[in-house]
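S.K.: Protein sequences appear in the order of chains E and P.
Residue numbers 61 to 170, in our numbering, belong to the letters of the first sequence in order.
Residue numbers 1242 to 1470, in our numbering, belong to the letters of the second sequence in order.
After the C-alpha cells below, expect a handful of questions from me.
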Amino acid sequence: MQFTVARHDTYTEVTGEGRLNMVAAPKLKDVIASEIGAGSRQIVVELGKTEFMDSSGLGALISCLKLARQASGDLRIANVPPQVLMVLQLTSMDRVLTPYPDAASAFGEG
Amino acid sequence: MEVQRGLLPDAPPDLPGYDVAAAFQPSSLVGGDLYDWYVESGQLHLTLADAMGKGMGAAMIAASVRATFRSVALMPGLTNAFNHAAAALSSALESSGSYSTVFTIRMNPASGRLSYVDAGHGIAAVVSADGGIRRLEADGPPVGLWFEDRWEAQRADLFPGESLIMVSDGVLDAVGDLEGTLAAMSAIVLANATAQGVADDLARLAQDDQEHDDVTAVVVRRDPETGSH
Chain E
61 MQFTVARHDT YTEVTGEGRL NMVAAPKLKD VIASEIGAGS RQIVVELGKT
111 EFMDSSGLGA LISCLKLARQ ASGDLRIANV PPQVLMVLQL TSMDRVLTPY
161 PDAASAFGEG
Chain P
1242 MEVQRGLLPD APPDLPGYDV AAAFQPSSLV GGDLYDWYVE SGQLHLTLAD
1292 AMGKGMGAAM IAASVRATFR SVALMPGLTN AFNHAAAALS SALESSGSYS
1342 TVFTIRMNPA SGRLSYVDAG HGIAAVVSAD GGIRRLEADG PPVGLWFEDR
1392 WEAQRADLFP GESLIMVSDG VLDAVGDLEG TLAAMSAIVL ANATAQGVAD
1442 DLARLAQDDQ EHDDVTAVVV RRDPETGSH
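Put into C-alpha cells, the structure is as follows:
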C-alpha cells in the first residue's frame, strides 16, 4: 500500500492506495506517528482508494486515532468505501471513527 | 496451523434435540479464528472469536481468549461473566497491540432461549425452516480495541426447526457484503439436512478466495417438533 501525505492549512491529509492489511498496517502507523511528531494535530485519512481493510488495518486506524488524541489532536476518516464502512459498522467502530464525505469537510465548520 | 487446530474442540457437545457442528478452513498463514463449545450447568456455551492479524501472535491471542472465557464459565449471568473475561483480557491485548472480536452465547436447551454478547463480531443469525433470517445484531466493540468498554448480553430464541449460524469474517470477505452473506446462510440452510452440511457449505464459500483469511462456521440446529404432545 502506498501512502501520500499532503499538508493543508488546517489539517494533514494521508491518502492510502491499495489494501490496508497486515503488511500495510505498520506503515500507516509510521506515517501518522511521524506526522504527529512533526506537529500535525488534525489528521484526515482519505480512504477512497483503499480497496480493502482487514482486522489489522482496523487495528492500525484505531491506534493512530489514540495517538492523535494523546497528542491533543484528532484523526478522522473521509471518502470511506463500502467494504471499509462495513468493517467499521460490524465492529461498532463507526461510533468513534465517524466517516466524512471528503477530506476538506472532516475538520470543516459544523 | 497445527497449533491452531490443537485449540479447537473435538466432538460437538451431545445435546438431545440439537445438531451442533463446525467447519474450519485455516488461511495459508496461521490465523486468529477460534471456536469453543461445551455444556456447563445444563447450558450450552458456545464462543466464536477472531483475534487480529495472522501468524503466531494471533494464535497466541486466540488461545488466551479461549482460556479466559473458559475460566468464567461457572460465573452466573452472561453479562457479568463476559465483562469479567474482557477485563482480564484487555491489558494483555492492549500491551500486545491486538484485539479480538468475540461472539458468545449461553443457551437453555429445553427452551431454546439464549443470551448472547456480540463484541464487534457482527455475523450471527437465526435461520428458520422456511429460510427466513433474523440477524443477531452487534452491540459492542471488539475486546481490547477501545477504552472502558462494557458489554450487555442480549436475548434471542432458537425455536424448533431453526438454525443458529455464526461465521467468521473470512466468509464475509469471500462473499463481499453482509446482505450476500445473510442470503447465502439462508440458501445453505434450506439445501442441507444436517448442521455439518450447513457448516461445510458455508466454509466452502471461501475456498476460491486465494488470499483468504481463516474461515469458521458454527451451526446449532434445533430439531423440528415432531408429532403430537
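Don't be surprised by glycine CBs; every beta carbon is placed ideally from N, CA and C.
Quick one, which of E:Asp114, E:Ala128, E:Asp90, E:Leu118 has its alpha-carbon nearest E:Val104's?
M.R.: If we check each option's Cα against that of E:Val104, E:Ala128 comes out closest.
S.K.: Excluding the five sequence neighbours on either side, which residues of its own chain have a C-beta within less than 6 angstroms of the C-beta of E:Met113, listed in chain order?
M.R.: Taken in chain order, the residues that qualify are Leu80, Val144, Val147.
S.K.: On the premise that P:Ala1379 lies in contact with E:Ser152, defined as a C-beta separation below 8 angstroms, what is that separation, rounded to the nearest angstrom?
M.R.: Rounded, the Cβ-Cβ distance is 6 angstroms, consistent with contact.
S.K.: Please compile the residues from chain P whose C-beta is within a distance smaller than 8 angstroms of the C-beta of E:Gly119.
M.R.: By Cβ distance, chain P contributes Met1293, Gly1294, Gly1338, Ser1339, Tyr1340, Leu1386.
S.K.: My output table needs one value for E:Tyr160: the three-state DSSP class, helix, strand or coil.
M.R.: Looking at E:Tyr160 - three-state DSSP - the assignment turns out to be strand.
S.K.: Can you confirm whether E:Asp114, when its beta carbon is compared against all beta carbons of chain P, has any partner nearer than 9 angstroms?
M.R.: Yes, E:Asp114 lies at the interface with chain P (some Cβ there is under 9 angstroms from its Cβ).
S.K.: Considering only their Cβ atoms, is the gap separating P:Ala1290 from P:Tyr1276 smaller than 9 angstroms?
M.R.: Cβ atoms of P:Tyr1276 and P:Ala1290: closer than 9 angstroms.
S.K.: How long is the line joining the alpha carbons of P:Pro1254 and P:Gly1273, rounded to whole angstroms?
M.R.: Distance between the alpha carbons of P:Pro1254 and P:Gly1273 is about 23 angstroms.
S.K.: P:Ala1434: buried (16+ other C-beta within 10 angstroms of its C-beta) or exposed?
M.R.: That one is exposed.
S.K.: Check whether chain E comes within 9 angstroms of P:Gly1402, counting only Cβ atoms and requiring the distance to be less than that.
M.R.: Answer no: the Cβ-Cβ gap between P:Gly1402 and chain E never drops below 9 angstroms.
S.K.: So is E:Gly170 buried or exposed if we call it buried at 16+ other beta carbons inside 10 Å?
M.R.: Interpretation of E:Gly170 is limited by its pLDDT of 47, a score under 50 that renders its predicted location unreliable; the figure taken from the coordinates is listed afterwards. Under this definition E:Gly170 is an exposed residue.
S.K.: For E:Val156, which residues in chain P fall below 7 angstroms Cβ to Cβ?
M.R.: What E:Val156 touches in chain P: Trp1387.
S.K.: Can you tell me which of P:Leu1377, P:Asp1454, P:Thr1288 puts its alpha carbon nearest to the alpha carbon of P:Phe1310?
M.R.: The shortest C-alpha separation from P:Phe1310 is found at P:Thr1288.
S.K.: Does the region 1384 to 1401 of chain P come close enough to the region 1435 to 1444 of chain P that 3 or more CB-CB pairs lie under 8 angstroms?
M.R.: With a cut-off of 8 angstroms, the region 1384 to 1401 of chain P and the region 1435 to 1444 of chain P do not count as touching, because too few Cβ pairs lie within range.
S.K.: Just to check my reading of the structure: P:Asp1414 and P:Arg1354 have Cβ atoms closer than 8 angstroms, yes? What is that Cβ distance to the nearest angstrom?
M.R.: Not quite, the Cβ-Cβ distance comes to about 32 angstroms (not below 8 angstroms), so this is no contact.
S.K.: Looking at the unbroken beta strand (DSSP E) that takes in E:Gly99, where does it start and where does it end?
M.R.: Counting along the chain, E:Gly99 falls outside any beta strand (DSSP E), and DSSP gives it neither H nor E.
S.K.: According to the neighbour-count rule (16 or more other Cβ atoms, all chains shown, within 10 Å of its Cβ), is P:Asn1349 buried or exposed?
M.R.: It counts as exposed.
S.K.: Return the residue from the list E:Pro161, E:Gln62, E:Gln149 that minimises the CA-CA distance to E:Thr75.
M.R.: Residue E:Gln62 is the option with its Cα nearest to E:Thr75.
S.K.: Look at the Cβ atom of P:Val1306, then the Cβ atom of P:Val1343, and state whether they are nearer than 9 angstroms.
M.R.: Against a cut-off of 9 angstroms, the Cβ pair of P:Val1343 and P:Val1306 comes out as a contact.
S.K.: Return the residue from the list P:Ser1312, P:Ala1322, P:Ala1424, P:Val1459 that minimises the CA-CA distance to P:Val1358.
M.R.: Out of P:Ser1312, P:Ala1322, P:Ala1424, P:Val1459, P:Ala1322 has the C-alpha closest to the C-alpha of P:Val1358.
S.K.: Given that P:Ile1364 touches chain E, what residues does it touch there, using C-beta distances under 9 angstroms?
M.R.: Neighbours of P:Ile1364 on chain E, chain order: Leu150.
S.K.: Using 10 angstroms around the beta-carbon of P:Val1430, count the other beta-carbons present and answer buried if the total reaches 16, otherwise exposed.
M.R.: Per the 10 Å Cβ criterion, buried.
S.K.: Exposed or buried, which one is P:Gly1258 when buried takes at least 16 other CB atoms within 10 Å?
M.R.: The residue is exposed, with fewer than 16 neighbouring Cβ atoms inside 10 Å.
S.K.: How would you label P:Thr1422, buried or exposed, when you count the other beta carbons within 10 angstroms and need 16 or more for buried?
M.R.: Flag for P:Thr1422 reads buried.
S.K.: If I measure Cβ to Cβ from P:Pro1471 and keep anything under 8 angstroms in the same chain, skipping five residues before and after, which residues do I get?
M.R.: Lying outside 1242 to 1470, the shown extent of chain P, residue 1471 of chain P is not represented and no answer is given.
S.K.: Is there a Cβ of chain P sitting closer than 9 angstroms to that of E:Gln130, yes or no?
M.R.: Not an interface residue.
S.K.: Could you please tell me which residues of the region 81 to 106 of chain E, in chain order, have their CB closer than 7 angstroms to any CB of chain P?
M.R.: Against chain P - using a Cβ distance shorter than 7 angstroms - the residues of the region 81 to 106 of chain E are Met82.
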